[in-house]
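See structure below.
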Amino acid sequence: MTEQPEGQRHEDDGAEKATSGVVDLGIYRQSLDPLPVTFHRRELDAILWIYGRMVGEGEWRDYAIDHLKDRAVFSVFKRAGEYPLYRIEKNPKLAAKQGAFAVIATDGRILKRGHDLRQVLKVFDKTLKSLD
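Under this note's numbering, the first residue of the sequence shown is numbered 983, with each subsequent residue one higher.
See below:
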């Protein structure tokens, strides 16, 4: 058996410790495939409250929720199978800039954007007032 020099023995010990470390499985999975962006419970409650009101007015009839890697989208429809009348989007990458929440019309115009979802959803109050 041959003796290793002192310096080399310490390097091998460090490499051995680095490869035998414990990795948190949740962190590892997120680094490989990040979880999609979702609406939180309170956000979804606010959106569904507006949706229920608009269904009661006969304006909306259907909705779809998409959870994508970069954003969450709540789309509302007048009839199933058509283009959405409005999209309510949550994009966390814009949270520090313009605000994570936006209401987007069928033609792609951003009707309102902001940091507070309830304030952004007030765009539908104005729409109802202008129709009356």
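Even for Gly, the Cβ is constructed at its ideal location relative to N, Cα and C.
In the three-state scheme derived from DSSP, where H, G and I count as helix and E and B as strand, Gly1096 is classed as strand.
Annotated three-state conformation of Val1058 is strand, per DSSP. Ala1082 carries a coil assignment under DSSP once its states are collapsed to helix, strand and coil. Contact between Phe1056 and Phe1106 does not hold, since the beta-carbon distance rounds to 12 Å and is not under 8 Å. No residue range can be given for Tyr1065, since it is assigned to no alpha helix (DSSP H) and is classified by DSSP as neither H nor E. Between the region 1088-1107 and the region 1061-1078, the count of C-beta pairs closer than 8 Å reaches three or more; the two stretches touch.
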